[in-house]
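Asks: Heads up, the sequence shown is in the working numbering, so the first residue is 74 and it goes up one at a time.
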Amino acid sequence: MKKIVGIVLLSIILIGCGPKMAKKETLDALNEARAALEAAQDRIVQLEAKITDLNAKKAELEQGISGLENQINELQDKISKNCKKQGGGK
Numbered sequence: 074m075k076k077i078v079g080i081v082l083l084s085i086i087l088i089g090c091g092p093k094m095a096k097k098e099t100l101d102a103l104n105e106a107r108a109a110l111e112a113a114q115d116r117i118v119q120l121e122a123k124i125t126d127l128n129a130k131k132a133e134l135e136q137g138i139s140g141l142e143n144q145i146n147e148l149q150d151k152i153s154k155n156c157k158k159q160g161g162g163k
C-alpha cells in the first residue's frame, strides 16, 4: 500500500512539474513583447546617435559664438581707440 501511495505521489509531482505547452495567446503576447523590445532598442540606438550629432553641432556653434565674441571685443577696442583719438585731439 505504501508503495502504491508513493508511486501515485511521485506521478503527481512529475506530471505537475513537467513541461507545459504555452497557449497561443501567451506565445503571441511574448512575440509582441519581443518585437516591442527590439523596436525600443533600435530607437535607443537612433536617439544615442542623434545625441552624438547634436553634441557635435553644439560644440561647433559654441566655437562659432566664441569667435564672434572675439570679433565683437576687437571691434569695441577699435571703437574705443578711435573715440579716444578723436576726443583727445580736440
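Beta carbons: idealized from backbone N, C-alpha and C, even for Gly. All figures in this text were calculated on a predicted structure; none of them were measured in a lab.
Alpha carbon to alpha carbon, how far is residue 121 from residue 143? Give it in angstroms, no decimals.
Replies: Within the sequence shown, numbered from 1, the residue matching residue 143 stands at position 70. Within the sequence shown, numbered from 1, the residue matching residue 121 stands at position 48. Looking at the two C-alpha atoms, the distance is approximately 33 Å.
Asks: Between residue 149 and residue 133, what straight-line distance do the alpha-carbon atoms span, to the nearest angstrom?
Replies: Here residue 149 refers to the residue found at position 76 of the sequence shown. Here residue 133 refers to the residue found at position 60 of the sequence shown. Cα-Cα distance, rounded: 24 Å.
Asks: How many angstroms separate the CA atom of residue 103 from the CA atom of residue 86?
Replies: In the sequence shown, the residue the question calls residue 103 occupies position 30. In the sequence shown, the residue the question calls residue 86 occupies position 13. Answer to the nearest angstrom: the Cα atoms are 28 Å apart.
Asks: With DSSP run on the structure shown, which of helix, strand or coil describes residue 95?
Replies: Locating residue 95 in the sequence shown gives position 22, counting from the first residue. Residue 95: coil per DSSP, three-state reduction.
Asks: Rounded to a whole number of angstroms, what is the C-alpha to C-alpha distance between residue 84 and residue 100?
Replies: Within the sequence shown, numbered from 1, the residue matching residue 84 stands at position 11. Within the sequence shown, numbered from 1, the residue matching residue 100 stands at position 27. Going from the Cα of residue 84 to the Cα of residue 100 covers about 28 Å.
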